[in-house]
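*Asks:* Sharing a structure below in structure tokens format, with a few things to ask.
Number of protein chains: 2
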Amino acid sequence: MPRPRIKDVAALAGVGTTTVSVVLNNVDGVRVTAETRQRILDAAQELGYSSDPIARSLRTRRTRTIGFVSDVIATTPFAGRMIQGAQEVAWRAGYLLVLVNTGGDREVQEKTVRELLKRQVDGVLFAVMYHQEIEVPSALATVKTVLLDARPTDGALPHVVPDEHEGALTAVGELIGAGHRRIGFATESLPVPAASGRLGGYTRALEAAGIPFEPGLVAAEHGDTPGGYRAARRLLELPEPPTAIFCYNDRMAMGCYRAAAELGFAIPADLSVVGYDDQDLIAPALFPALTTVALPHYEMGAWAARRLLDLIEDEPREEAPGHLMPCPLIRRDSVGPPPR
Amino acid sequence: MPRPRIKDVAALAGVGTTTVSVVLNNVDGVRVTAETRQRILDAAQELGYSSDPIARSLRTRRTRTIGFVSDVIATTPFAGRMIQGAQEVAWRAGYLLVLVNTGGDREVQEKTVRELLKRQVDGVLFAVMYHQEIEVPSALATVKTVLLDARPTDGALPHVVPDEHEGALTAVGELIGAGHRRIGFATESLPVPAASGRLGGYTRALEAAGIPFEPGLVAAEHGDTPGGYRAARRLLELPEPPTAIFCYNDRMAMGCYRAAAELGFAIPADLSVVGYDDQDLIAPALFPALTTVALPHYEMGAWAARRLLDLIEDEPREEAPGHLMPCPLIRRDSVGPPPR
DNA sequence: CCACCATGAAGAAACGATTCAGTGAATCGA
DNA sequence: TCGATTCACTGAATCGTTTCTTCATGGTGG
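The structure is reproduced here in structure tokens:
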């Protein structure tokens, strides 16, 4: 038995296809008697009818599909959460998420977006895998777009990024709250928004607590495990080492743990550590488990999808284009009061 | 200027739409003079014409779209690589990948697949996030399907899983090659295919080297960092501890590192360690960097997509439904000769 | 010289919805 | 009572392709 068509429903209900369409789509401004409406509903139910999305798309020029374009999906475990957040919101609204990754190449990006446009996606989520400022592909000009984990260099596309400043502020606040006054910052040396944002939060937290900022307590290295190791060593070998280190990310914190172990600092007895990212492969697995700030990728993905759907369905919702997503502190066991 | 239609091309070339369609789709069995063909090609080029995928789909009942259904996309960084592999192959063949995740709920899975079928996907990639044996949703019966990282309990659907046995064999072979004779195995206690496969490889490797299997050298715990810690402790506190430990995965290896450090075993001087998975957040970040066996997620995703496309496009390719993907050894710094 | 056949191309019918432009019948105001 | 609305609904056009069927043309064998 092939799937029923709208005409089958119409025939069974004894009406024209127009009326079936009108009833099933709840077209407003068109009246149908309650009795007819019910007959159609019953017929559709009985046949298990639902309209063919392709035929519908051909007519309406809308596909209930959104494109998720990302630069590199691979190397970061974050990607999955962002995609999942977007996908779940889309699915619940009856939209499908089509996934494409471009490898970050500009040329490929343009081509990709054009291809998606040919496929008539209703909107595009343009994601990068860590917080950056980007030039958006020009092909995106003609389609509803929301940027994920990125802010546009020009124009004012809706976008969502993590609130690095606020996250760093609470991280350092946590250390200050535990009694620390000498707090190091092992940061990323690349000039990325996350680094400057977190540095801003760090200095702001110190300032709020009346602690003078000491440039010597900021150690910039590559934002990976060896970088964290080197940064932490530099800080801990200072004549007067910090009693706590705020690390740019969990990987640097992992390196920091090693430096601390080598130099005989026990965590958290001699040294408190806070990370950033809440990588679930690292933060809970370190010993002691790492207190860190979570990067809300799932929430950002969900927020972006919701925003895009609102755009597509012409919800008004006038507000600032950019949204800062709060980064919650995840308390574990790497923070304690300063020694002595 | 709206996008050109096929009739615009036909008009410009001075032919009927039929001929345009025939030429542009390279329909065989239909002859068109070289001159006419060229005129059409030129016209299409000039207008920048490409056919509307939706209208085409309505007619042909094919969408050049494949569904990627997964249980949990979130928690594992593996997911991304598998998806990426599949996506890139699909994209290169002109197919789009639509992503849905079901959270593993059977009910939701069935519904999801039915929804995808309504959307006329040409095929489905059904993926789980770690090697398992699964009962496939019945709705998949009517669509071309390839299983990813899973083997079906019944039926003989095409599927691809990592070659756990072979991977463990080479891992343990590496240790034996370095001179070790007393090799512990810190394994996962859950009865998953990966655990039994890797145990099989472990025993096979010993056997091949003429080393008697000692049940006491196999320590089963949860397959996470604390589990690895406990397993390694048990092994290292044996009256005659092993000189090398093969760990079920990188997380267990991470726990193993801690146990070794606590008990005064230096890696690799006193103890060699090999992991499994090659998680890029862990393996290269440990100190010393972990020698491990890579789980070829990208390759599995790509293989599955390729296989599915062949199925869709009716390539014959008769072969065994299941494919074992080799797991290459990644040499780093955690293996050395046994002490003394 | 005619019937026949291959050739090259075109007209029109799908595909399955949505929606425009009507169409009888009922209702209404005057 | 009559023209004008309103009501409830419908036939047919439309979206942009692919593909089935038809058709004119000209060459060929008998």
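Which chain is which? The protein sequence lines are Y and X, in order. Residue numbers are given in numbering that gives the first Met the number 0: position 254 of the first sequence equals residue 253, and the series is strictly consecutive. Residue numbers are given in numbering that gives the first Met the number 0: position 91 of the second sequence equals residue 90, and the series is strictly consecutive. Think of the CB as a built atom: it goes at the ideal place given N, C-alpha and C, for glycine as much as any other residue.
1) Tell me the DSSP secondary structure of methionine 251 of chain X in three-state form.
2) Between the C-alpha atoms of arginine 4 of chain X and serine 50 of chain X, what's the straight-line distance to the nearest angstrom?
3) In the DSSP assignment, what are the bridge partners of arginine 150 of chain Y?
4) Measuring CA to CA, which of X:Tyr275, X:Val14, X:Trp302 and X:Leu307 is closest to alanine 293 of chain X?
5) Name the chain Y residues whose beta carbon is nearer than 8 Å to that of asparagine 100 of chain X?
6) Is the beta carbon of isoleucine 133 of chain X closer than 8 Å to that of valine 142 of chain X?
7) Using a Cβ cut-off of 7 Å, pull out every chain Y residue sitting near serine 56 of chain X, in sequence order please.
8) Provide the residue(s) that pair with methionine 52 of chain X in DSSP beta bridges, ordered along the chain.
9) Starting from glycine 274 of chain X, follow the beta strand (DSSP E) in both directions and report where the run begins and ends.
10) Below 7 Å CB to CB, which residues in the same chain sit around arginine 316 of chain Y once its five sequence neighbours on both sides are set aside?
11) Alpha carbon to alpha carbon, what distance is there between arginine 306 of chain Y and glutamate 87 of chain Y?
12) The beta strand (DSSP E) spanning serine 195 of chain Y covers which residue range?
13) Select from X:Arg331, X:Asp70, X:Ala319 and X:Ala10 the residue whose C-alpha is nearest the C-alpha of alanine 155 of chain X.
14) I'd like the list of long-range same chain contacts for proline 211 of chain Y, defined as Cβ closer than 8 Å, with 5 residues on each side in sequence excluded.
15) So for leucine 237 of chain Y, helix, strand or coil by DSSP?
16) Rank Y:Arg233, Y:Val273 and Y:Thr144 by C-alpha distance to the C-alpha of glycine 176 of chain Y and give the top, closest one.
17) Are the C-beta atoms of leucine 95 of chain X and some chain Y residue less than 8 Å apart?
18) So threonine 224 of chain X contacts chain Y; which residues on that side make the cut at Cβ distance below 7 Å?
19) Where DSSP assigns a beta bridge to cysteine 246 of chain X, which residues make up the other side?
20) Run through chain Y and tell me which residues come within less than 8 Å of arginine 233 of chain X, C-beta to C-beta.
21) Name the one or two DSSP bridge partners that glycine 321 of chain Y has.
22) If the cut is a Cβ gap below 8 Å, which residues of chain X does proline 76 of chain Y touch?
23) Quick check: is the beta carbon of methionine 324 of chain Y nearer than 8 Å to any beta carbon in chain X?
24) For alanine 138 of chain Y and proline 151 of chain Y, what's the separation of their Cα atoms in angstroms?
25) Quick one: Cα of glycine 227 of chain Y to Cα of glutamate 314 of chain X, how far?
26) Would you mind reading off the limits of the beta strand (DSSP E) that contains alanine 293 of chain X?
27) Label valine 26 of chain Y either buried or exposed according to how many other C-beta atoms from any shown protein chain fall within 10 Å of its C-beta, with 16 as the threshold for buried.
28) Please list, in chain order, all residues of the same chain as asparagine 248 of chain X whose beta carbon is under 6 Å from its beta carbon, the five residues on each side excluded.
29) Within a Cβ cutoff of 8 Å, which residues of the same chain sit near valine 107 of chain Y, ignoring the five residues on either side of it in sequence?
30) Closest to leucine 95 of chain X by C-alpha separation, out of X:Gly103, X:Thr64 and X:Val191, would be which residue?
31) Would you grab the beta carbon distance between proline 161 of chain Y and cysteine 326 of chain Y for me? Rounded to a whole angstrom, and I think it's under 8 Å.
32) Any idea what DSSP makes of glycine 15 of chain X, helix, strand or coil?
33) Would arginine 257 of chain X pass as a contact of phenylalanine 286 of chain Y if the rule is Cβ separation under 8 Å?
34) Between the segment 242–260 of chain Y and chain X, which residues of the former have CB atoms less than 7 Å from a CB of the latter, in chain order?
35) DSSP three-state label for threonine 64 of chain X, please.
36) Between the C-alpha atoms of arginine 180 of chain Y and valine 135 of chain X, what's the straight-line distance to the nearest angstrom?
*Replies:* Quick look at the numbers:
1) helix
2) 7 Å
3) Y:Glu132
4) X:Tyr275
5) Neighbours of asparagine 100 of chain X on chain Y, chain order: Gln83, Gln86 and Glu87.
6) In this structure, the beta-carbon distance from valine 142 of chain X to isoleucine 133 of chain X does not fall below 8 Å.
7) Residues of chain Y passing the Cβ test: Ile53.
8) It is proline, not methionine, that sits at residue 52 of chain X in the sequence shown. For proline 52 of chain X, which the question treats as bridged, DSSP gives no partner whatsoever.
9) Counting along the chain, the beta strand (DSSP E) containing glycine 274 of chain X begins and ends at 271–276.
10) Taken in chain order, the residues that qualify are Asp309.
11) 13 Å
12) No beta strand (DSSP E) holds serine 195 of chain Y; the alpha helix (DSSP H) holding it covers 192–207.
13) X:Ala319
14) Leu205
15) coil
16) Y:Val273
17) Output row for leucine 95 of chain X: interface = yes.
18) Ala284
19) X:Ala185
20) Correct list: empty, because the minimum Cβ distance to chain Y is about 17 Å.
21) Y:His158
22) Thr75, Pro76, Gly79 and Leu280
23) Interface flag for methionine 324 of chain Y against chain X is unset, since no Cβ pair is found closer than 8 Å.
24) 14 Å
25) 52 Å
26) 290–293
27) exposed
28) Gly222, Tyr275 and Asp276.
29) Counting only Cβ-Cβ distances below 8 Å, and skipping sequence neighbours, we find Thr101.
30) X:Thr64
31) Contact between proline 161 of chain Y and cysteine 326 of chain Y is confirmed by a C-beta separation of about 5 Å, below the 8 Å threshold.
32) coil
33) yes
34) Hits within the stretch, in order: Arg250, Met253 and Arg257.
35) It is a strand residue.
36) Rounded to the nearest angstrom, the gap between the Cα atoms of arginine 180 of chain Y and valine 135 of chain X is 58 Å.
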